[in-house]
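Chains D and P supply the protein sequences, listed in that same order.
Taking the numbering used here, the leading residue of the first sequence gets 1, the next gets one more, and so forth.
Taking the numbering used here, the leading residue of the second sequence gets 238, the next gets one more, and so forth.
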Amino acid sequence: MNATERKPDKEILESLDGVTRVFILGCQGCPVGCETGGQPWLDEMQALLTGSGKTVTGAALLDMICNKALVGIRLGRSARQIGEAEAVLVGSCGVGVQAVGNMVGRLAVPAMDTLSMGDYQGLWPSEERCAECGECMLATTGGLCPITLCAKSLVNGSCGGTQDDGTCEVSPERRCGWQMIYERLEKLGRLDDLRRFAAPKDFRKRDIQDACRRTIRWALEVAEQEDTETEPQNAEK
Amino acid sequence: MSQLQQQLAAGTFVVTGEVGPPKGTNVAPMLEEAERYLKGTVTAVNVTDLQTAVMRVGSLAACRLLVERGIEPVFQMVCRDRNRLALQSDVLSAAVLGIENVLALTGDHVVMGDHPEAKPVYDLDSVGLLQAIARLEAGSDMGRDTKGNENTLDGTPTFFKGCCVTPCGANVDAQVIKLEKKVAAGAQFVQTQAVYEPDAFEAFMRRVEPLKVPVLVGIVMLKSAAMAKYMNRSVPGVRVPDEIIQPLADAAKEDRQKVSTEICGRLIRRMKPCCQGAHLMTLGWDHCVPDIIQAAGL
Chain D
1 MNATERKPDK
11 EILESLDGVT
21 RVFILGCQGC
31 PVGCETGGQP
41 WLDEMQALLT
51 GSGKTVTGAA
61 LLDMICNKAL
71 VGIRLGRSAR
81 QIGEAEAVLV
91 GSCGVGVQAV
101 GNMVGRLAVP
111 AMDTLSMGDY
121 QGLWPSEERC
131 AECGECMLAT
141 TGGLCPITLC
151 AKSLVNGSCG
161 GTQDDGTCEV
171 SPERRCGWQM
181 IYERLEKLGR
191 LDDLRRFAAP
201 KDFRKRDIQD
211 ACRRTIRWAL
221 EVAEQEDTET
231 EPQNAEK
Chain P
238 MSQLQQQLAA
248 GTFVVTGEVG
258 PPKGTNVAPM
268 LEEAERYLKG
278 TVTAVNVTDL
288 QTAVMRVGSL
298 AACRLLVERG
308 IEPVFQMVCR
318 DRNRLALQSD
328 VLSAAVLGIE
338 NVLALTGDHV
348 VMGDHPEAKP
358 VYDLDSVGLL
368 QAIARLEAGS
378 DMGRDTKGNE
388 NTLDGTPTFF
398 KGCCVTPCGA
408 NVDAQVIKLE
418 KKVAAGAQFV
428 QTQAVYEPDA
438 FEAFMRRVEP
448 LKVPVLVGIV
458 MLKSAAMAKY
468 MNRSVPGVRV
478 PDEIIQPLAD
488 AAKEDRQKVS
498 TEICGRLIRR
508 MKPCCQGAHL
518 MTLGWDHCVP
528 DIIQAAGL
C-alpha cells in the first residue's frame with residue numbers, strides 16, 4: 001500500500017492561488033487504506049475550497065487513479081465539470097497526480113505528500129513515477145515530476161544539458177524532464193510557475209518509517225498476532 | 238574585492254581564461270602554462286571542477302595554487318559530487334584560502350564521465366548553491382542549531398558570485414527564466430556556453446539586459462573541423478555555422494591554430510559591443526591566448 005499524508009490546508013490553497021474553479025478528484029485505493037483520502041477527505045476539501053471563495057465544479061472518487069487509462073475512461077462522465085475547472089485537486093500518491101495531469105489537460109494539484117510507494121508504482125503503472133520525496137511539488141511543475149523525470153532531480157529548472165531536440169544529456173533515449181515541464185506549462189498557460197523558487201529537498205522525509213512499509217494485510221496479521229498474544233494475559237485476569 | 242569584480246564594475250571589457258587540473262598529481266604543466274600564458278594576460282582564470290565528470294585534482298586545491306602564483310582564480314563549483322554540508326564547507330574553505338570568485342554550476346551528469354557508475358548527488362542545484370553562498374555571506378548557513386535557530390558563523394566570507402547560461406540553445410526562454418532565478422539568488426556575473434552565432438547572442442543579450450548583470454561570452458577554441466562538427470552534434474545549445482567550419486577544414490594541419498585563433502578574435506570583436514567580457518576556453522591551447530587577445534583588438 002502506498003502511504004500518503006495530507007498536505008497542510010495552507011499549502012493546498014497556496015498551490016491554487018489565482019485559481020477560482022476547481023474539480024476535486026480522490027483515489028479510492030491506498031489513500032482510503034491509510035486513512036488520508038476517501039469520502040471524508042473529499043468533504044473536507046469541498047468545505048475548504050468553498051470556504052476560501054473557490055467554486056467546486058464537481059468532485060469524484062475513483063478506484064486506483066494511478067492508471068491513466070482507467071482515469072481517462074472513468075472521468076468521461078465528469079468531462080464537462082473538469083472542463084469548467086482551471087485545476088484538478090488530486091488526493092492520491094504522486095503517480096496518481098501525474099496520471100491525472102497527463103489525462104485531463106488541466107493543472108493537477110497534489111493534496112497529499114507521498115511517503116512510501118511500497119516499491120510499487122501504482123496499479124498498471126505507465127510512465128509516471130514517484131520518488132516518495134514527501135514534499136510533492138507537482139502543483140508548480142504542471143503535474144510532471146522533476147524528481148523522477150530529470151536525471152539530476154533538479155528543482156529549479158533545466159541544466160545546460162538539454163539537447164536541442166529536447167532530450168537529456170545522459171541519453172538520447174531520454175527526454176529532458178524540465179523541457180517536458182516547460183512544454184506542459186506552456187500548454188497550460190502557466191509558464192510563470194517556472195519562476196518560483198523551489199527549496200532544496202528535506203531528505204529526512206525519505207527515511208521511511210516502519211509503519212509506512214506495512215501493507216493492509218500485514219497490518220491485519222499484526223493485529224491478529226497482538227490479539228492472540230494478549231488473550232492469555234486477559235484470561236489470567 | 239576581486240580584480241574581476243573591480244574591472245567589470247569599472248566597465249572594462251574583461252577577458253578570463255580557464256585551466257583544467259590534471260588527472261594525477263603532476264600539476265606542474267598546468268601551473269607553468271597558467272604562469273606563462275595567462276598571468277597578466279587575462280583578469281582571472283577559471284579552474285574547472287571535475288569537468289565532464291572526469292575524476293581529477295580538485296578545483297579548490299588548484300585555485301589555491303594559482304593564488305600562490307599571483308593569478309586570480311574563479312573557483313568553479315558543481316553540485317554533482319557534494320551534498321549541502323560539503324558544498325558550504327568548501328565555500329568557507331575557499332574563502333580562507335584567499336579565493337574571491339566562485340562560479341556555481343549544476344555539473345555534467347556522472348554518466349558523461351569516467352566513473353559512470355558513481356552516485357550523482359545534486360543535493361542542491363545551481364540556484365540552491367547560489368542561495369547557500371549568499372546565506373554564508375550574510376553570516377549564517379542552511380542549518381539550524383539544536384534549538385532550531387539559525388546558525389551564526391564566526392567570520393563570514395565574501396565572494397564575487399557567478400553562474401552559467403546557454404544563450405543560443407533551442408529553448409532560450411527556459412534558460413532566461415532560470416538565469417533570472419540565479420541572479421535573484423545572488424549571481425553577480427554570467428559566463429556563457431560557447432557562442433559561434435553572434436546574431437543569436439545579440440538577441441539573447443537584449444533579452445537579459447533588464448537583469449543588469451555583466452555577461453562574459455564563452456569562446457571555445459575549435460581545434461579542427463571535426464571538433465566543430467562534433468560540437469554541433471553533441472554539445473547542447475552550440476551551433477557552429479559553416480562559414481566557421483569551412484576555413485578550418487581548408488586549413489593545413491599546421492595552420493589550424495592560427496585559423497582557430499583568428500576565428501576567436503573575430504567572434505570577440507563582433508560581440509564586444511553587446512557584452513562585458515569574454516571567457517576563453519582554449520582546451521589546452523593556452524599559448525594561443527595572447528594571440529587571441531591581439532586578434533580581438535583588445
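Beta carbons are placed, not taken as given, at the ideal position from N, Cα and C, and that holds for glycine.
Query raised in the report: Starting from residue 476 of chain P and walking both ways along the beta strand (DSSP E), at which residues does that stretch end?
Result: Counting along the chain, residue 476 of chain P falls outside any beta strand (DSSP E), and DSSP gives it neither H nor E.
Requested in this report: Tell me, please, whether the CB atom of residue 530 of chain P is closer than 8 Å to any CB atom in chain C?
Outcome: The question asks about chain C, but that chain is absent: this structure's protein chains are D and P.
Query raised in the report: In terms of alpha-carbon separation, which member of P:321, P:336, P:522 lies closest to residue 313 of chain P?
Result: P:336
Requested in this report: Output, in chain order, the set of chain D residues within a Cβ distance shorter than 7 Å of residue 348 of chain P.
Outcome: 170
Query raised in the report: Between the Cα of residue 512 of chain P and the Cα atoms of P:440, P:331, P:478, P:463, which residue gives the shortest distance?
Result: P:440
**Report entry** is_contact[residue 178 of chain D, chain P] using C-beta, thresh 8 Å
**Finding:** yes
Query raised in the report: Where in the stretch 113-186 of chain D do unbroken runs of the alpha helix (DSSP H), each at least 4 residues long, occur, reported from the N-terminal end onward?
Result: 146-149
Query raised in the report: For residue 398 of chain P, which of helix, strand or coil comes out of DSSP?
Result: strand
**Report entry** Contact check, residue 516 of chain P vs residue 453 of chain P, beta carbons under 8 Å
**Finding:** Taking the C-beta atoms as reference points, residue 453 of chain P is found nearer than 8 Å to residue 516 of chain P.
Query - CA nearest to the CA of residue 448 of chain P, picked from P:423, P:408, P:455 - result: P:423
Query raised in the report: Any beta-carbon of chain D closer than 8 Å to the one on residue 430 of chain P?
Result: yes
Requested in this report: Please confirm if the stretch 377-396 of chain P is in contact with the stretch 411-419 of chain P, defined as three or more CB-CB distances below 8 Å between the two stretches.
Outcome: no
Query raised in the report: When the Cα atoms are used, what is the spatial distance from residue 93 of chain D to residue 156 of chain D?
Result: 22 Å
Query raised in the report: Shorter than 8 Å from the beta carbon of residue 256 of chain P to some beta carbon of chain D?
Result: no
Report task. Using a cut-off of 9 Å between C-beta atoms, extract the partners of residue 93 of chain D located in chain P. Result -> Those within 9 Å of residue 93 of chain D in chain P number zero; the least Cβ separation is about 23 Å.
Report task. Measure the C-alpha to C-alpha separation of residue 41 of chain D and residue 62 of chain D and round it to an integer number of angstroms. Result -> 13 Å
Query - Rounded straight-line distance, which links the Cα of residue 95 of chain D to that of residue 503 of chain P - result: 52 Å
Query raised in the report: Taking the DSSP output, what are the residues bridged to residue 310 of chain P?
Result: DSSP links residue 310 of chain P through a beta bridge to P:282.
Requested in this report: Kindly indicate which residue of P:286, P:244, P:255, P:299 has the alpha-carbon position closest to the one of residue 265 of chain P.
Outcome: P:299
**Report entry** As assigned by DSSP and simplified to three states, the class of residue 499 of chain P
**Finding:** Three-state result, residue 499 of chain P: helix.
Query raised in the report: Secondary structure at residue 269 of chain P, three-state DSSP: helix, strand or coil?
Result: helix
Report task. Kindly give me the distance between the Cβ atoms of residue 170 of chain D and residue 348 of chain P, rounded to whole angstroms, as I take these residues to be in contact under 8 Å. Result -> Yes, residue 170 of chain D and residue 348 of chain P are in contact; Cβ-Cβ is about 5 Å, under 8 Å.
Query - DSSP three-state assignment for residue 238 of chain D, whether helix, strand or coil - result: Past the edges of chain D, shown from 1 to 237, lies residue 238 of chain D, and the structure says nothing about it.
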